Amino acid sequence: MTAPLLSVRGIKVSFGGVKAADGVDLDVNQGEFLAIIGPNGSGKTTFINLATGYVKPKAGTIHLEGRDITSHKPREITKLGIARAFQIPQLFGDHTVLDNLMLAVAANRGFWRWQTPLGSEGVRQAAMELLDTVGLADLAATHSSALSEGGRKLTDIALALALQPRLLLLDEPTAGVSTDEKHPLMEKLAKVLRDRGVTAVFVEHDMDLVRRYADRVVVWNQGRVVAEGPPDTVLSDPAVLRDVVGV
Ligand code: ADP
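According to the working numbering, the sequence shown is numbered sequentially starting from 0.
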């Protein structure tokens with residue numbers, strides 16, 4: 000078995016008296032699509048903030064492929080290949096979807112404004128390929144303000160992929176997306192990740208989506224991992240259903 004991509008050990012985080020992480024051990028395996036579920040306030044977003052360096056633990060370690068990143072700054076962590084979607088600054092609404100993507104690709108290649116990256120054919124091509132990957136090539140010339148919520152999420156995913164991540168963290172990818180768009184969005188997302196070999200973690204409240212798309216589920220409650228395993232097993236555990244899913 001290959002070593003985990005991300006390995007978290009003994010992590011503790013408190014905000015005032017609240018224990019958002021209370022001795023968490025968690026591995027994210029290479030190539031998996033891992034769901035995190037749990038009640039509101041259980042520490043799911045804190046985990047994403049830890050993995051991206053925005054929150055620092057008072058105890059414990061975080062390793063990315065064996066490298067200790069516990070004290071790394073968010074910028075350094077991004078450079079090492081951990082990206083987060085849906086927390087990226089707003090799309091430029093008065094620019095086209097393609098322009099937004101080209102800016103992300105150019106920024107990732109280290110272009111600066113005065114180097115007119117948008118004139119570069121290589122950047123345009125890479126941006127178009129990303130749009131094609133998430134199924135938005137037909138909307139390249141659309142202003143991003145005219146996108147549906149599902150379209151915005153897919154654009155966000157394409158923006159995150161422009162960073163060429165090894166690990167993508169998604170905080171509620173389907174939040175705000177219409178019911179009709181949820182499954183197509185997740186289907187597309189799962190396929191893109193598989194095709195590109197990107198490992199991903201998603202926080203999700205919709206158990207149908209978790210059951211259908213996650214390879215593995217980790218359950219949080221009160222700052223602790225209380226269960227983990229394949230979706231069918233975890234989501235038929237009476238304690239998980241009672242305490243976490245709320246049925
Ligand atoms: P979840 O994502 O599961 O809803 P969070 O990780 O956002 O949970 O929050 C876990 C707990 O930590 C909550 O009680 C929340 O209010 C608290 N918390 C999270 N971030 C902060 C912060 N920056 N300042 C103060 N309290 C926070």
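A virtual CB, placed ideally from N, CA and C, is assigned to each residue, including glycine.
Note that the structure is predicted; figures quoted are calculated from it, not measured.
Residue range 223 to 228 is occupied by the beta strand (DSSP E) that includes GLU227. Listed as beta-bridge partners of THR60 by DSSP are ARG8. For ALA126, the closest alpha carbon among the candidates LEU100, THR141 and LYS43 is that of LEU100. Looking only at ALA50, ASN28 and VAL191, the smallest Cα-Cα distance to ALA20 is reached by ALA50. The beta carbon of THR77 is closer than 7 angstroms to those of LEU162 in its chain, skipping five residues each way along the sequence. Annotation: the segment 185 to 227 contains the following complete segments of the alpha helix (DSSP H) (minimum length 4 residues), in chain order: 206 to 212. With fewer than 16 other Cβ atoms from the protein chains shown falling within 10 Å of its own Cβ, THR1 counts as exposed.
In this structure, VAL202 has its beta carbon less than 8 angstroms from a heavy atom of ligand 1. Boundaries of the beta strand (DSSP E) around GLY22: 17 to 27. No heavy atom of ligand 1 is found nearer than 8 angstroms to the CB of LYS72. In this structure, ligand 1 has no non-hydrogen atom nearer than 8 angstroms to the beta-carbon of LYS57.
Of GLY222, VAL217 and LEU25, the smallest CA-CA separation from ASP231 is found for VAL217.
Contact annotation: LYS57 and GLN221 have beta-carbon atoms that are not nearer than 9 angstroms. Annotated three-state conformation of ALA161 is coil, per DSSP.
For ASP170, the pairing in a beta bridge is given by DSSP as VAL202. The bridge partners DSSP lists for SER147 come to none. With distances taken between CA atoms, ARG165 lies nearest to ARG195 out of LYS187, LEU153 and ARG195.
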